[in-house]
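Working notes, beginning with the structure itself.
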Amino acid sequence: MRSCRTFLFLSAAVITALLQEVSGALPSPVTSNATAEQLANRKRSFSIGYVVFPGWEPLDVFGPLELLFEMSFHYKLTLSIISNEVGPVTTIVPPHIMVEGEPPMDISFLLGPTITATHTFKNAPALDILFVPGGEGNVVLAQANDTWIEDFVASRYDKLDYLLSVCTGSASLAKSGVLNGKRATTNKGAWAWVTSLGTNITWVPSARWTVDGNVWTSSGVAAGLDMTYAFLKSVYGTDDLDTVMNGIEYAPHTNPDWDPFSVVHNVPGANTNMSLLDCTGPAGYD
């Protein structure tokens, strides 16, 4: 019996060919509608960097990484996990102030998955794509006036093809200065804090994600999956991507302008006229 992973990694063209051989009744595969740029991207290698820090949010990292992992079966991708030190980086943060006016809170009782940093911000390789996640660790770094993430982002931005933030990762982008003059969004539950950072930024309250030039920003946590789907669709087209999405059985939210959680979290300026239901469907079945 073939494994689930084996079937997941079969391309749409291979699956169609196998079924045609058995039934002889299926129509021919649909011709790719990829652009010239997308076809060129399929032949190039992308160097991806992912910033992590103590207190990173698991799904901010592993959600987009799942899609990148699956797409690396089809296209050439390399990955560098970047922190201020090489080695395991935990999701747990030290006691810190979580509510203004209250004493520091100890949340070390939480589960503490780790990810291994392969590089530091001092020796990270040349990058084409950089992801910056969020997490409670953003707050800890801010309280300690530790700016290594925004300093790294600012130093690398001019040489990146794409810069993407997930959730409160946009706080680091805002403080780095790269969002100046751009549209952006963030976690709707942390809206007040993040939008107080940076200057000359157009914060979009109802956006699930935003694109401004080569900078992509998403709403909270799971929105990183939706943004990454849209990002990979922009880079590669859908020929293999929709097969990947349906293989992992995730239905992406495909409207960048509508985040129902902007209403849930009472974000000022949120669009309250949209339905909060039925935002998604299987990829390729719009």
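The sequence shown begins at -5 in our numbering and counts up by one.
Even for Gly, the Cβ is constructed at its ideal location relative to N, Cα and C.
Item, Value
"Three-state class that DSSP yields for V80 in the structure shown", "coil"
"Counted within 10 angstroms of its Cβ, other Cβ atoms place Y279 as buried (16 or more) or exposed", "exposed"
"Among V93, I42, Y69, the one whose alpha carbon lies nearest that of I76", "I42"
"Closest Cα partner of G218 within the set K169, S164, V257", "S164"
"Bridge partners - I75, DSSP secondary structure assignment", "Y44"
"Nearest neighbour of D272, chosen from N117, D253, A264 [CA to CA]", "D253"
"Cβ pair N132, S200 closer than 8 Å", "no"
"Straight-line Cα distance separating T180 from T189", "8 Å"
"Where the alpha helix (DSSP H) through F281 begins and ends", "Residue 281 cannot be examined here, being either before or after the span of the chain that is shown, -5 to 280."
"Test item: CB-CB of I195 and A168 under 8 Å", "yes"
"Candidates T112, N260, S39, of which the one nearest H68 by Cα", "S39"
"Distance CB(P107)-CB(D54) smaller than 8 Å", "no"
"Where the beta strand (DSSP E) containing Y156 begins and where it ends", "156 to 159"
"Contact set for G275: own chain, Cβ-Cβ below 7 Å, skip 5 residues either direction", "A245"
"Proximity below 8 Å, CB of D122 to CB of D145", "no"
"C-beta contact flag for G231 and S26 at 8 Å", "yes"
"Cβ neighbours of D233 in the same chain (closer than 6 Å, five flanking residues each side left out)", "S26"
"Residue from T211, E51, L61 whose Cα sits closest to the Cα of T237", "L61"
"Simplified DSSP state of D272, which is helix, strand or coil", "coil"
"Beta-carbon contacts of N249 that lie in its chain and below 8 Å, excluding the five residues immediately before and after", "R202, C273"
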